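**Student:** Counting with the numbering used here, you get residues 87 to 288 for the letters of the sequence shown.
Virtual Cβ for every residue (Gly too), placed ideally from N, Cα, C.
It should be emphasised that the depicted structure is a prediction, and the values quoted were computed from it without experimental measurement.
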Amino acid sequence: MFITFEGIDGSGKTTQIRLLKEYFEKQKTDCSVFREPGGTDISEQIRTLLLHGGDEMDPVTEMLLFSAARSQLIAEKVNPLLEKGTVVILDRFYDSTVAYQGYGRESATIGVINQLNSIASHKTVPDLTFYLKISADTARKRTEENEKDRMERAGDSFFAKVAAGFDKLASEESRIQTINAEQSVELIHADILKAVQAFSRS
Ligand code: TYD
């Protein structure tokens, strides 16, 4: 089973991924977690460029680097693990490229980004995607103390476009489950488990 988590910065993905991994471990189901961009030596080097490189990075360069990091992760780790029957959870996947580079930066049309995503993912599609939805206010409150990386310095109007992009994607794609991430950690986890168990039964 291939599960991805999406949402704007501060949506609580990391906590929910940890809880879901613990659930699979209790079930004695093999489960691997990776973050995007990252998860392999090459992809982590690309991550450093993307998040800590200079502010002069061209938006098309940025889009291609996120895709390059993804291609390496899928080819080197995700696809071999899925073939072995391991559950793979990703902290972000190609929906982030649609939302951030497509709707946020407008680096290319959504059609072109979809084609790029198909190449970079080696056509591997998630079984389930959880979109942890929070308001811009909650996101600001949760992230204001953090030291900002290059993406997080982009500003409020950028994040509003990204959030609207995630909303649109979620309304178009049936694999994407929108979760009210303003709820308590326990309630969010319960919603996620319900969807995972329903998928496993189907
Ligand atoms: P990260 O520190 O992992 O943020 P978070 O904990 O919010 O996931 O940094 C990833 C950043 O990169 C985040 O701001 C979203 C951005 N991003 C894109 O712009 N496009 C992409 O395709 C991906 C995977 C991430």
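Kindly provide the ranges of any alpha helix (DSSP H) runs that are 4 or more residues long and lie completely inside the region 135 to 179, ordered along the chain.
**Tutor:** Within the region 135 to 179, the complete alpha helix (DSSP H) runs of at least 4 residues are 145 to 159 and 165 to 169.
**Student:** State the start and end residues of the unbroken alpha helix (DSSP H) segment that holds residue 101.
**Tutor:** It spans 99 to 112 - the alpha helix (DSSP H) in which residue 101 sits, taken as one unbroken run.
**Student:** So what's residue 200 in DSSP terms, helix, strand or just coil?
**Tutor:** The answer is helix: DSSP assigns residue 200 an H, G or I state.
**Student:** Pairing CB atoms from the region 243 to 254 with CB atoms from the region 90 to 110, are three or more of them under 8 angstroms?
**Tutor:** Yes: the two stretches touch, three or more of their Cβ pairs being nearer than 8 angstroms.
**Student:** Between residue 155 and residue 252, which are expected to be in contact by the criterion C-beta below 8 angstroms, what is the C-beta distance as a whole number of angstroms?
**Tutor:** Incorrect: roughly 20 angstroms between the Cβ atoms, too far for contact.
**Student:** Please state the DSSP three-state secondary structure of residue 121.
**Tutor:** Correct three-state label for residue 121: strand.
**Student:** What do you get for residue 286, buried or exposed, if any count of 16 or more other CB atoms within 10 angstroms of its CB means buried?
**Tutor:** Classification of residue 286: exposed, given that the 10 Å Cβ count is below 16.
**Student:** With three or more beta-carbon pairs closer than 8 angstroms as the criterion, would you say the region 164 to 172 touches the region 112 to 119?
**Tutor:** These segments touch.
**Student:** Using only the alpha-carbon positions, how far apart do residue 193 and residue 267 sit?
**Tutor:** Between residue 193 and residue 267, the C-alpha separation is close to 28 angstroms.
**Student:** So, for residue 275: in the same chain, excluding its five sequence neighbours on each side, which residues have a beta-carbon less than 7 angstroms away from its beta-carbon?
**Tutor:** Answer for residue 275: 102 and 105, listed in chain order.
**Student:** Measuring only between beta-carbons, confirm whether residue 131 sits less than 8 angstroms from chain B.
**Tutor:** Structure shown: chain B not included; a single protein chain is present.
**Student:** Alpha carbon to alpha carbon, what distance is there between residue 202 and residue 288?
**Tutor:** Using only the alpha carbons, I get a separation of about 30 angstroms.
**Student:** If we ignore side chains and look at the alpha-carbon of each, how far apart do residue 277 and residue 265 end up?
**Tutor:** Between residue 277 and residue 265, the C-alpha separation is close to 7 angstroms.
**Student:** When we look at the beta-carbon of residue 146 and count the other beta-carbons within 10 Å, is it buried (16 or more) or exposed?
**Tutor:** Exposed, because fewer than 16 other Cβ atoms sit within 10 Å of the Cβ of residue 146.
**Student:** Roughly how many angstroms lie between the CA atoms of residue 271 and residue 98, to the nearest whole one?
**Tutor:** One C-alpha to the other measures close to 8 angstroms.
**Student:** By the three-class DSSP mapping on this structure, what secondary structure does residue 131 have?
**Tutor:** The answer is helix: DSSP assigns residue 131 an H, G or I state.
**Student:** Out of curiosity, what's the CA-to-CA distance linking residue 100 and residue 177?
**Tutor:** Approximately 7 angstroms between the Cα atoms of the pair.
**Student:** Run the CB neighbour count on residue 160, radius 10 Å, all protein chains shown included, and call it buried at 16 or more, exposed below.
**Tutor:** Classification for residue 160: buried.
**Student:** Tell me whether residue 187, by its Cβ, gets closer than 7 angstroms to a heavy atom of the ligand TYD.
**Tutor:** Residue 187: yes, Cβ under 7 angstroms from the ligand TYD.
**Student:** Evaluate residue 205 with the Cβ neighbour count: other Cβ atoms within 10 Å of its Cβ, from every protein chain shown; 16 or more gives buried, anything less gives exposed.
**Tutor:** Flag for residue 205 reads exposed.
**Student:** For residue 110 versus residue 136, is the C-beta distance shorter than 8 angstroms?
**Tutor:** For residue 110 and residue 136, no; Cβs fall outside 8 angstroms.
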